[in-house]
Amino acid sequence: MPASPLPLPQYAPVLAEVQGKGAVFPVRRIYCVGQNYAEHAREMGSDPDRPSPFFFSKPADALVPSGSVLAFPSRTENLHHEVELVVALGGGGHDLAPEDAEALVFGAAVGFDMTRRDLQAEAKAKGRPWDMAKGFDASAPLGPIVPGLPPRDAAIHCELDGVVRQQGDIAQMIWSVPEILAHLSRYVPLAPGDLVFTGTPAGVGPVRPGQRLRGEVAGLPPVEVRYQA
4 MPASPLPLPQ YAPVLAEVQG KGAVFPVRRI YCVGQNYAEH AREMGSDPDR
54 PSPFFFSKPA DALVPSGSVL AFPSRTENLH HEVELVVALG GGGHDLAPED
104 AEALVFGAAV GFDMTRRDLQ AEAKAKGRPW DMAKGFDASA PLGPIVPGLP
154 PRDAAIHCEL DGVVRQQGDI AQMIWSVPEI LAHLSRYVPL APGDLVFTGT
204 PAGVGPVRPG QRLRGEVAGL PPVEVRYQA
């Protein structure tokens, strides 16, 4: 076999900001739990009567920091915002009990699970994977990570150009953070560097070029991004 004319690829690890530490958090994997607030499950046409949680993932380099100005994604006419509490793991394990899973948490942040909703709807209708709807470039804006356990009953909301579009409370999650981590650990071994997006409240909707998003969870620094016009 002839030698490749190209050099071996080189790339830097994905790093997330840690508030007040003068440090960064190296990101290993990004996991997301779907439809974890009852009202959001209803608006997406599902039954929220505490079904088993389901998961999908994004590539680590889908992460972008708060304050970014983003190109509007290609191949979509219906980009949606989904504000979420995000937990960052400092420990790992497999097939964990909830009380043991909570001990893995390094810290918490606010993030957006950006979604090409038209591509997701097409994938659902055809029984296809969601990867291109959920895992595209810059689909995971993230605010600074605050060390410590995440809040259990904090307000969460999203503003689009200063107008509140989503609002709820972390206490409204169908599955708590320890339960989410325990369920996820039954499918894959969790490890230091993993980020877990924990679901979004009702009110998801479209974002247009030129618009600005701000997501907040009480007690955590916000995440803000703007899309180029």
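Each residue of the sequence shown is one higher than the last, beginning at 4 in the working numbering.
We treat Cβ as the ideally placed atom computed from N, Cα and C, and that holds for glycine.
Beta-carbon proximity of residue i to residue j, cut-off 8 Å
i	j	result
Tyr230	Phe75	yes
Gly171	Ala143	no
Pro224	Val149	yes
Phe58	Tyr40	no
Ala232	Pro209	no
Alpha-carbon to alpha-carbon, residue j and residue i
i	j	result
His186	Ser71	33 Å
Ala100	Ile173	21 Å
Pro192	Leu107	12 Å
Gly130	Leu92	32 Å
Glu87	Val180	12 Å
Best match in the options for proximity to residue i [C-alpha to C-alpha]
i	options	result
Glu42	Ala221, Arg217 and Val207	Val207
Glu102	Pro132, Ser188 and Ser55	Ser188
Phe1	Gly222, Gly213, Ala112 and Trp178	The question about residue 1 has no answer, for the chain in this structure spans 4 to 232.
Pro195	Arg215, Val226, Val90 and Ala158	Val90
Pro54	Pro68, Pro8 and Glu182	Glu182
Gln175	Leu163, Pro62, Ala157 and Ala15	Ala157
Local conformation of residue i per DSSP, three classes
i	result
Arg32	coil
Ala157	coil
Arg215	strand
Ala6	coil
Ala136	helix
*Please go through the stretch 163 to 200 and give each complete alpha helix (DSSP H) segment of 4 or more residues, from N-terminal end onward.*
180 to 190
*Could you tell me which uninterrupted beta strand (DSSP E) segments, each at least 3 residues in length, are contained entirely in the stretch 56 to 129, listed from first to last along the chain?*
58 to 61, 66 to 68, 82 to 84, 86 to 92 and 108 to 115
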